[in-house]
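Undergrad: If you scroll down you'll find the structure; I have some questions about it.
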DNA sequence: TTCTGTGCAAAGGATTTGCATAGAC
DNA sequence: GTCTATGCAAATCCTTTGCACAGAA
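Chains as they are written, first to last, in our numbering: chain X, 30 to 195; chain P, 30 to 195.
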């Protein structure tokens, strides 16, 4: 679903390794469900929410099944560990890779729900400038441009033409 | 709660008048609860959510009391009428004046929850440029800078100093 | 009189929590 | 063994809906 045209950044360790360090530093434990989730989530770069993840994972009958509450709890840990980034879209929490992935913002197509990534140093500069003017200590930001993507505009044109002909 | 340093824009009619036009154009009716809400909401410029509004309005015992569902339904109408703008913050819907108020974005203090407004033409330019590069038809955007406001940084310093002395 | 709006309670959707048990260290 | 993690169901939070009744036009 994501347009991952930003390329990857080389990192010193894998998400799994990084998560293990995170757990150790807090005296927490590595478990089978957590390993399953990390494997699945980092298999490909994409945006996802809890339900999408649950649909893709083994069903309740399977021994590898992970409960919904565990998914929520584990994703929260991943965010704390800096592995994932989370943001809200239409009332649901959306997750995406953070660790080893460059900072970026999104274009959100309100038609097909696709999230297109883009990177802008100028935006960061502008953000910091605004914050400075307001004596504000920045910790982060959220910038989502909404509208209709190229594909959907095309699709609408086609539909419209058909209708016009009838 | 809002820092309304952006000044007002002169408008041809009051929110109430505008809302009446809106209702008429759709064959809908003006009622007492709607009038009460418009009066209250436009008494002062501020950011608010449904619960804050409900707390400020007359209680259930009063004849002027407005039910929770009505508040939700009416605020939705105000947004449709262009009177209010709505956005989501930490899972709850926050409303602010739109009609007669200039376009702007926010700095959000994660400490005191305050929303500070700022206006940037450069941001709009940057947004449109990014959209154009991606063949994207913009309909709007959401930009929230999070961090800690000046007052809260000061407060923290004071607390910290006290602690250090003990 | 005819519909739209209101209030209340119930329903919904997403996420969190309580608790007994499984399992990591 | 001890203490964290899991699964399930129940609970929460915010918002929407169903329905009978009130009240604009």
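Cβ atoms here follow ideal geometry from the backbone N, Cα and C, with glycine treated the same way. Remember, predicted model here, so these are calculated numbers, not experimental data.
On a Cα-Cα basis, can you pick out the residue from X/154, X/162 and X/144 that is closest to residue 178 of chain X?
TA: Taking the first chain and counting its residues from 1, the one referred to as residue 178 of chain X is at position 149. Of the listed residues, the one whose Cα sits closest to residue 178 of chain X is X/144.
Undergrad: Assign residue 199 of chain P to one of three DSSP states: helix, strand, or coil.
TA: Outside the modelled stretch of chain P, which goes from 30 to 195, sits residue 199 of chain P, for which no answer is possible.
Undergrad: What does DSSP give as the partner residue(s) for residue 124 of chain X in the beta ladder?
TA: For the purposes of this step, residue 124 of chain X is taken as residue 95 along the first chain, with counting starting at 1. Note: residue 124 of chain X sits in a beta bridge opposite X/77 and X/115.
Undergrad: Select from the stretch 156-190 of chain X all residues with a C-beta closer than 8 Å to any C-beta belonging to chain P, and list them in chain order.
TA: Under the 8 Å Cβ criterion, the stretch 156-190 of chain X contributes 156, 159, 160, 162, 163, 164, 165, 166, 167, 168, 169, 170, 171, 172, 173, 174, 175, 176, 177, 178, 179 and 182.
Undergrad: Are the C-beta of residue 153 of chain X and some C-beta of chain P separated by less than 7 Å?
TA: Along the first chain, read from residue 1 onward, the residue named residue 153 of chain X stands at position 124. Not one chain P Cβ lies under 7 Å of residue 153 of chain X.
Undergrad: Give me the chain X residues within the contact set of residue 120 of chain P, using Cβ-Cβ distance strictly less than 8 Å, ordered along the chain.
TA: Along the second chain, read from residue 1 onward, the residue named residue 120 of chain P stands at position 91. Ordered by position in chain X, the residues that pass the 8 Å Cβ test against residue 120 of chain P are 117 and 120.
Undergrad: In chain P, which residues lie less than 7 Å from residue 67 of chain X when you measure between Cβ atoms?
TA: The residue given as residue 67 of chain X occupies position 38 in the first chain. Neighbours of residue 67 of chain X on chain P: none; closest Cβ ~26 Å, over 7 Å.
Undergrad: Residue 33 of chain P to residue 155 of chain P, Cα distance in whole Å?
TA: As a first step, residue 33 of chain P must be located in the second chain, where it is residue number 4. As a first step, residue 155 of chain P must be located in the second chain, where it is residue number 126. For residue 33 of chain P, the predicted model reports a pLDDT of 45, less than 50, meaning its position is unreliable; a value from the coordinates is still stated below. Their Cα atoms are separated by approximately 24 Å.
Undergrad: What did DSSP end up calling residue 165 of chain X once you bin it into helix, strand or coil?
TA: In the first chain, counting from the first residue as 1, residue 165 of chain X sits at position 136. Residue 165 of chain X: coil per DSSP, three-state reduction.
Undergrad: Within 10 angstroms of its Cβ, does residue 63 of chain X collect 16 or more other Cβ (buried), or is it exposed?
TA: Translated into positions along the first chain, residue 63 of chain X becomes position 34. By the 10 Å Cβ count, residue 63 of chain X comes out buried.
Undergrad: What separation, rounded to the nearest whole angstrom, lies between the Cα atoms of residue 89 of chain P and residue 117 of chain P?
TA: Taking the first residue of the second chain as position 1, residue 89 of chain P is located at position 60. Taking the first residue of the second chain as position 1, residue 117 of chain P is located at position 88. Taking the straight line joining both Cα atoms gives about 27 Å.
Undergrad: Beta-carbon of residue 136 of chain P versus every beta-carbon of chain X: anything under 7 Å?
TA: Start at 1 with the first residue of the second chain, and residue 136 of chain P comes out as number 107. Yes, its Cβ sits closer than 7 Å to a Cβ of chain X.
Undergrad: Kindly list the residues whose CB is nearer than 6 Å to the CB of residue 136 of chain X, restricted to its own chain and excluding five residues on each side of it in sequence; keep chain order.
TA: In the first chain, counting from the first residue as 1, residue 136 of chain X sits at position 107. Around residue 136 of chain X: 145 and 174.
Undergrad: Quick check: what's the CA-CA separation for residue 42 of chain P versus residue 107 of chain P?
TA: By 1-based counting over the second chain, the position of residue 42 of chain P is 13. By 1-based counting over the second chain, the position of residue 107 of chain P is 78. Rounded to the nearest angstrom, the two C-alpha atoms are 15 Å apart.
Undergrad: Does the Cβ of residue 101 of chain X have 16 or more other Cβ atoms within 10 Å, making it buried, or fewer, making it exposed?
TA: To locate residue 101 of chain X, count along the first chain from 1; it is residue 72. Its Cβ having fewer than 16 others within 10 Å, residue 101 of chain X is exposed.
Undergrad: Rounded to the nearest angstrom, what separates residue 180 of chain X and residue 50 of chain X at their Cα positions?
TA: Within the first chain, the letter at position 151 stands for residue 180 of chain X. Within the first chain, the letter at position 21 stands for residue 50 of chain X. Each residue's Cα considered, the two are about 43 Å apart.
Undergrad: State yes or no: is the beta carbon of residue 147 of chain X nearer than 7 Å to at least one beta carbon in chain P?
TA: Here the question's residue 147 of chain X lines up with position 118 in the first chain. Chain P contact via Cβ: present.
Undergrad: Give me the Cβ distance between residue 124 of chain X and residue 78 of chain X, rounded to the nearest whole Å; I'm assuming they're in contact under 8 Å.
TA: Counting from 1 along the first chain, the entry for residue 124 of chain X is found at position 95. Counting from 1 along the first chain, the entry for residue 78 of chain X is found at position 49. Confirmed, Cβ separation roughly 7 Å.
Undergrad: Strictly below 8 Å CB to CB, what residues from chain P border residue 139 of chain X?
TA: Position 110 of the first chain, counting from 1, holds the residue named residue 139 of chain X. In chain order: 168.
Undergrad: Please report how far the alpha carbon of residue 176 of chain P lies from the alpha carbon of residue 48 of chain P, in whole angstroms.
TA: As a working mapping, residue 176 of chain P is identified with position 147 in the second chain. As a working mapping, residue 48 of chain P is identified with position 19 in the second chain. The straight-line gap from Cα to Cα measures roughly 36 Å.
Undergrad: Sort out for me which residues DSSP pairs residue 134 of chain X with in a bridge.
TA: By 1-based counting over the first chain, the position of residue 134 of chain X is 105. Paired residue(s): X/147.
Undergrad: Here's the rule: buried if 16 or more other CB atoms are within 10 angstroms of the residue's CB, otherwise exposed. What is residue 84 of chain X?
TA: As a first step, residue 84 of chain X is located in the first chain; it is residue number 55 there, counting from the start. It counts as exposed.
Undergrad: For the candidate residues P/56, P/74 and P/153, whose alpha-carbon lies nearest to that of residue 129 of chain P?
TA: To locate residue 129 of chain P, count along the second chain from 1; it is residue 100. Closest by alpha carbon: P/74.
Undergrad: Which residues in the same chain as residue 52 of chain P place their Cβ atom closer than 7 Å to its Cβ, once the five residues preceding and following it in sequence are excluded?
TA: As a working note, residue 52 of chain P is residue 23 in the second chain. The residues are 58 and 59.
Undergrad: With DSSP as the reference, please indicate the residues paired to residue 154 of chain P in a beta bridge.
TA: Here residue 154 of chain P refers to the residue found at position 125 of the second chain. None, per the DSSP bridge assignment.
Undergrad: Determine the DSSP secondary structure at residue 170 of chain P, reduced to helix, strand or coil.
TA: What you label residue 170 of chain P is simply residue 141 of the second chain in a count that begins at 1. Of the three classes helix, strand and coil, the one that applies to residue 170 of chain P here is strand, per DSSP.
Undergrad: Is it right to say residue 188 of chain P is buried, meaning 16 or more other beta carbons lie within 10 angstroms of its own, or is it exposed?
TA: Counted from its first residue, the second chain places residue 188 of chain P at position 159. Exposed, because fewer than 16 other Cβ atoms sit within 10 Å of the Cβ of residue 188 of chain P.
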